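Trainee: Okay, handing you the structure first.
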Amino acid sequence: MQDVTRIPRMLSAVQDVWEGQPDLSLGALIGMLENFGVTWGAEDEEALRICRGIARRHPGRVPLRQGKADGLFRIVIAESRTQVFLDGEKVLVVPGEGTPSMWDYRAIRNAQVGYPLVIEDAFGIAHRLGVIERIEPRRTPKRPHEEQPVFYEGADYKAWSLSGRVTAWEVGRRQAKATTLRRNDCDWDAEGRLRGFTAGGTRVPLGDDIRVFACGLEPGPDARE
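So, in structure tokens, the structure goes:
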């Protein structure tokens, strides 16, 4: 007879997978696990390893360390095109339309799939950023700023670099107008960081006092790793 004390541990692993993807029905969840290798002949330890791998790629909540994100994460907000990037110090909110905003935060009050994302800023004000649809851990590329989305905030301009294109906004305007730039219009340093750009024939430096949020890349393709 097998050890019955293993059952809570196995059920907890399945629950972690489901909490990361709660839109799945029970049947769809079972089918997905089977596609990843949790079949009739799978040993419990193999099934446990697969479940943990899936949960790492699609966690049900942001893991915390002293109230802050333990790592770098991308959060997709339901029923909107808003993305929120989090690390252990900063929040970057990238709306589907409009200007991205970056700020320091004191603590994460809630970051669980299916519930509102609530973050307390450096002044103690709680920001409700919408219901979380998906949480994605991000990985650091081998070369700094290579291919990953990067947000820059200077004294006069904000800029968002994504897939070889840069969108810039002038800071201070009530209705900031976005300017889309080609990569050739931009100045990059040796490490791939944006230093300035040319718009309308005018070169615009971002300056030395610039804040950067490197958003990382998607995790590897194999959830069983």
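The opening residue of the sequence shown carries number 476 in this note's numbering; numbering runs sequentially from there.
Using N, Cα and C, we set each Cβ at its ideal position, and we do this for glycine too.
Here the structure is a predicted model, which is why all the values come from computation and not from measurement.
1. Report the CB separation of F548 from R613 in whole angstroms; it is logged as a contact under 8 Å.
2. Just tell me which of W635, R524, A517 and L523 has its CA closest to the CA of L681.
3. Would you kindly work out how many angstroms separate the C-alpha atoms of D684 and E564, rounded to a whole number?
4. Going by CA-CA distance only, name the one from Q541, A689, T480 and E494 that's closest to K617.
5. Which class does V566 belong to by DSSP, given the choice of helix, strand or coil?
6. Between the segment 574-583 and the segment 511-521, are three or more C-beta pairs nearer than 8 Å?
7. Cα separation between G502 and Q496?
8. Give a yes or no on contact between the segment 531-546 and the segment 581-593, applying the rule of three or more CB pairs nearer than 8 Å.
9. Of all the options L499, F560, I525 and R531, which has the alpha carbon lying nearest to the alpha carbon of G691?
10. List the residues that DSSP assigns as beta-bridge partners of L561.
11. Taking C-alpha atoms, which residue in S500, Q490, D664 and A643 lies nearest to Q657?
12. Tell me which same chain residues have a C-beta within less than 6 Å of the C-beta of V641, skipping the five on either side of it?
13. Measuring alpha carbon to alpha carbon, tell me which of E645, T654, Q558 and V566 ends up nearest G546.
14. Just mark Q477 as buried or exposed, buried being the case when its beta carbon has 16 or more other beta carbons within 10 Å.
15. Would you grab the beta carbon distance between Y580 and I607 for me? Rounded to a whole angstrom, and I think it's under 8 Å.
16. Among G667, V479 and L508, whose alpha-carbon lies nearest the alpha-carbon of Q490?
17. Just to confirm my understanding: we take E611, look at its own chain, exclude 5 residues before and 5 after, and list those with CB closer than 8 Å. What are they?
18. Look at the alpha carbon of G605 and the alpha carbon of V537, and state the distance between them as a whole number of angstroms.
19. Beta-carbon within less than 6 Å of L701's beta-carbon, same chain only, minus the 5 sequence neighbours each way: which residues are those?
20. Going by the DSSP bridge assignment, what does H602 pair with across the sheet?
21. Could you tell me which of I600, C526, G506 and F626 sits nearest to Q558, measuring between CA atoms?
22. For L669, count neighbouring C-beta atoms within 10 Å of its own C-beta (all shown protein chains included) and say buried if the count is 16 or more, exposed if not.
23. What is the rounded straight-line gap between the Cα of A701 and the Cα of E622?
Mentor: According to the data block:
1. The count along the sequence shown starts at 1 and reaches residue 548 at position 73. The count along the sequence shown starts at 1 and reaches residue 613 at position 138. With a Cβ gap of about 6 Å, F548 and R613 count as contacting.
2. By one-based count along the sequence shown, residue 681 stands at place 206. That would be W635, whose Cα lies nearest to the Cα of L681.
3. For the purposes of this step, residue 684 is taken as the residue at position 209 of the sequence shown. For the purposes of this step, residue 564 is taken as the residue at position 89 of the sequence shown. When rounded, the distance between both Cα atoms is 18 Å.
4. The count along the sequence shown starts at 1 and reaches residue 617 at position 142. With distances taken between Cα atoms, K617 lies closest to A689.
5. Within the sequence shown, residue 566 is the residue found at index 91, counting from 1. V566 falls in the strand class under three-state DSSP.
6. no
7. To locate residue 502, count along the sequence shown from 1; it is residue 27. To locate residue 496, count along the sequence shown from 1; it is residue 21. Cα to Cα, the separation comes out at about 13 Å.
8. yes
9. Residue 691 sits at position 216 when you count from the first residue of the sequence shown. Of the candidates L499, F560, I525 and R531, the one whose C-alpha sits nearest the C-alpha of G691 is F560.
10. Residue 561 sits at position 86 when you count from the first residue of the sequence shown. Its beta-bridge partners are F548 and V566.
11. Walking along the sequence shown from the start, residue 657 turns up at place 182. Residue identity differs from the one stated: residue 657 is Arg in this sequence, not Gln. R657 has its Cα closest to that of A643, out of S500, Q490, D664 and A643.
12. For this step, residue 641 is matched to residue 166 along the sequence shown. Once the five neighbours on either side are set aside, the close Cβ partners of V641 are A634, L656 and C661.
13. Translated into the one-based positions of the sequence shown, residue 546 becomes position 71. The option with the nearest alpha carbon to G546 is V566.
14. Taking the sequence shown and counting its residues from 1, one reaches residue 477 at position 2. Classification for Q477: exposed.
15. As a working note, residue 580 is residue 105 in the sequence shown. As a working note, residue 607 is residue 132 in the sequence shown. Actually they are not in contact, since the Cβ atoms of Y580 and I607 sit about 16 Å apart, beyond 8 Å.
16. The residue given as residue 490 occupies position 15 in the sequence shown. When only C-alpha atoms are compared, the closest one is L508.
17. Within the sequence shown, residue 611 is the residue found at index 136, counting from 1. So the list reads R532, H533, F548, R549, I550, V551, E693 and P694, once near-sequence residues are dropped.
18. As a working note, residue 605 is residue 130 in the sequence shown. As a working note, residue 537 is residue 62 in the sequence shown. Cα-Cα distance, rounded: 15 Å.
19. A question about residue 701 goes unanswered here, because the residues of the chain that appear run from 476 up to 700.
20. Taking the sequence shown and counting its residues from 1, the one referred to as residue 602 is at position 127. Answer by DSSP bridge pairing, in chain order: I594.
21. Here residue 558 corresponds to residue number 83 of the sequence shown, with the count starting at 1. Of the listed residues, the one whose Cα sits closest to Q558 is F626.
22. The count along the sequence shown starts at 1 and reaches residue 669 at position 194. Classification for L669: buried.
23. Here the chain covers residues 476 to 700 and nothing more, so residue 701 does not appear.
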